Ligand code: ZN
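Pasting the structure below:
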């Protein structure tokens, strides 16, 4: 285990706390995953990347991490307050598909997008529809504790009763009186004792295609329940980290806490973490604003708001240039700046790999590994870590331009910083930014061609030398002669 002073902002206590896992050397982490009824958009990329960096960082520190990210494939209704049609069932009805066909189709596409963004797969990716029995058992516990009631075949969580014993709203900082005033009476709520009560089990209407037997009715579980149930099943009664977007804080996570306290007697989570939102030109992203851009559209550039395509690595770098708790505003200019910055970073890495060592460094290189780790320990301050990497890049460029000289030891240390901080932890692929491909197998082949070209030049065989350069240019390579030898990169 590496020494660290990692501290994380806990949304529940609203304080920064030193990170100490419940069990030495092990971390349990749960993050709310997607509802798979449509393609992932920029808003999905942020939690995925934020908690991917945390997952990667904890592992780099030496922890064994069990990372659970669920798939919501049942019970997420169209409107708040448990009303409307199930989002997946609606898609299935409109497209004349089996609901699980809709789920599989969009899940495959989600995985494809995540892989492009270099988001590591979680340790367990449980489906809500695969845990109906556990959810029914969990509802029984809440009923036994007296915090839920049955009504017309559905089961609702009794928020008023719960609030009398525990405080409802402590995560989001809301109080029940304000919530009462803000809640509109909606149709179909006569089943509930109180409009704030939320469904644990819903009786399925005859046209509802996804339903399971239960002691109360043929029906389906409420959306909030799956995370309490599956978190407990895979991470235990109490676990370390629960993450998600800020938009999930209320009502989703607030309801999760209420369910855990009702069923288990205590909140299951030690550190609640929330990433902030991405806005587009200052506006929330959403279908109604007509600014809804999927990740696929970013990668292809095929959307009227986009001036050009952006590679997955540019999107990832753009998101990491902000600390996860601050807002990020999307614009073409901001993404183009991220693209340039990433290119500079990758160029510096390429130049670092091509550096020839001197016996002794002519300048003192700061301990970048240590200062980058301090930035990450500081509640995952990724923009600070990136700023330090740019400082390191200045030394590299200066050495590549021949202004300073670096020893092999310093070159190796810088390489380690880029490989581990930028590559392993921030998850930036250090190969070519545009293809997102791993160039390692090809590097040797291109280096060999460079060697043949150098020999040809030495023998004044200009024909061969130019042929190699021109052919590589046709294939999309940049070949540059510098005073330290030849540098190449993919255009
Ligand atoms: Zn959740």
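Numbering (the numbering used here), first residue to last: 734 to 1224.
All residues carry an ideal CB built from backbone N, CA and C; glycine is no exception.
These numbers were taken from a predicted model, which means no experiment stands behind them.
- A contact between stretches requires three or more CB pairs, one per stretch, nearer than 8 Å, and the segment 1134-1144 fails this requirement with the segment 1179-1191.
- For residue 935, no alpha helix (DSSP H) run applies; the uninterrupted beta strand (DSSP E) run containing it begins and ends at 931-936, by DSSP.
- Residue pairing by DSSP puts residue 805 in a beta bridge opposite 768.
- Under the DSSP definition of a beta bridge, residue 1006 partners with 976.
- Judged by DSSP in its simplified three-state form, residue 1023 adopts coil rather than helix or strand.
- Uninterrupted beta strand (DSSP E) stretches at least 3 residues long and entirely within the segment 1050-1103 occur at 1061-1063, given in chain order.
- Nearest in C-alpha terms to residue 1007, of all of 1223, 787, 1066, is 787.
- Nearest to residue 1110 by alpha-carbon distance, out of 1061, 1056, 824, 1023, is 1056.
- DSSP, reduced to helix, strand and coil, places residue 752 outside both helices and strands of the structure shown, so it counts as coil.
- Short note on residue 960: C-beta closer than 7 Å to some heavy atom of the ligand ZN.
- With respect to the C-alpha of residue 750, the residue from 1208, 980, 1113 having the closest C-alpha is 1113.
- Residue 1047 places its beta carbon less than 8 Å from that of residue 1072.
- Cβ-Cβ separation between residue 996 and residue 878: approximately 7 Å, consistent with a contact (criterion under 8 Å).
- By DSSP's assignment, residue 1215 forms a beta bridge with 1218.
- Shown here, residue 738 sits in coil according to DSSP, grouped into three states, outside any helix or strand.
- The three-state secondary structure of residue 900, taken from DSSP, is coil.
- Taken through DSSP and simplified to helix, strand or coil, residue 954 comes out as strand.
- Inclusion of residue 892 and residue 872 in the CB contact set at 8 Å is not warranted, their separation being larger than that value.
- In terms of side-chain proximity, the C-beta atom of residue 988 is found no nearer than 7 Å to any non-hydrogen atom of the ligand ZN.
- Of 763, 963, 943, 846, the smallest CA-CA separation from residue 860 is found for 963.
- The beta carbon of residue 1137 lies closer than 6 Å to those of 1095, 1096, 1131 in the same chain, with the five residues before and after it left out.
- With 16 or more neighbouring CB atoms inside 10 Å of its own CB, residue 989 falls in the buried class.
- In terms of Cβ geometry, residue 902 and residue 932 do not form a close pair [threshold 8 Å].
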